[in-house]
Amino acid sequence: MLFKRRDKVKKAPQRENVPPGQFVTEKLPVLTYGPTPKIELSQWRLRVFGLVEKELDLNWEEFAQLPSTSVEAPFHCVTQWSRLENTWEGLLFTDLAEMVTPKPEAAFVMAHCYGDYSANLPLEVLMDGMSLLAHKHDGQPLTADHGGPLRLVAPQRYGWKSAKWLRAIEFIAEDRPGFWETRGYHNNGDYWKEERFWPELS
Ligand SMILES: Nc1nc2c(c(=O)[nH]1)N[C@H]1C(S)=C(S)[C@@H](COP(=O)(O)O)O[C@H]1N2
Ligand SMILES: [Mo]
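Numbering of the sequence shown is given in this note's numbering, commencing with residue 31 and proceeding in unit increments.
Put into structure tokens, the structure is as follows:
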């Protein structure tokens, strides 16, 4: 593997307790809407576009040159399972932001995926120092089912925001709902606040 390892390990702030309404599991279940897209590494690209000073369009070799950082973080799915200990490895979102320089108007990010899926997040959440573009989980390259070759991981939100099979990152000024956010899931998805579904549905 080409990925350069960094020494530092980021740790998501762990609270003693599991978020309300969640149950702990040891396994990492697969949760996907629709089929797992087939992505050839030779065809894979990551685009970074929108409100940035410098857009990017990287192939896998280019992506693999970028610094890789380990992050330890819990993973909480809105369907109520939580896997508390996960080690993700990849490009910290803060490092990506340094490469592209978001414009002052950029306030939100849309993650676009191979297949028909997207997820929106406030830029501030992705700049939390532990959100990353991950290519490894618990020391192993991400399997296709878990979003390989590359997925977003936003440890401070429910799992649906951690978009698998990342294809593009778009910096935007006005918030827009993603795939599940247009289908009844809460726009924000903070698991400590149990922001599971549209307020009018609960
Ligand atoms: N592209 C894509 N990303 C996705 C999903 C999906 O259906 N498609 N499901 C989301 C949901 S609901 C969860 S809980 C996590 C599950 O990740 P896992 O399958 O690796 O456990 O991926 C999220 N990312
Ligand atoms: Mo989920």
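Where is the CB? At the ideal position from N, CA and C, for every residue including glycine.
Setting aside the 5 residues that flank it on each side, C143 is surrounded in the same chain by A193, K194, W195, L196, R197, each with a C-beta closer than 7 Å to its C-beta; the list follows chain order. For ligand 2, no non-hydrogen atom lies closer than 7 Å to the CB of C143.
For M129, the uninterrupted alpha helix (DSSP H) segment begins and ends at 123-130. Less than 8 Å separates the beta-carbon of G51 from that of E224. Taking non-hydrogen atoms of ligand 1 into account, the C-beta of P59 is found less than 7 Å away from one of them. Pairing S98 with P67, the inter-Cα distance amounts to about 24 Å.
In this structure, the CA atom of T55 is about 10 Å from the CA atom of F105.
In summary, G169 is exposed, with fewer than 16 beta-carbon neighbours lying within 10 Å of its beta-carbon over all protein chains present. Non-local beta-carbon contacts of L81 in its own chain, meaning distances under 7 Å to residues more than five positions away in sequence, involve P132, K133, E135, A136, F201, I202, A203 in chain order.
Straight through space, the alpha carbons of P59 and T109 are spaced by roughly 11 Å.
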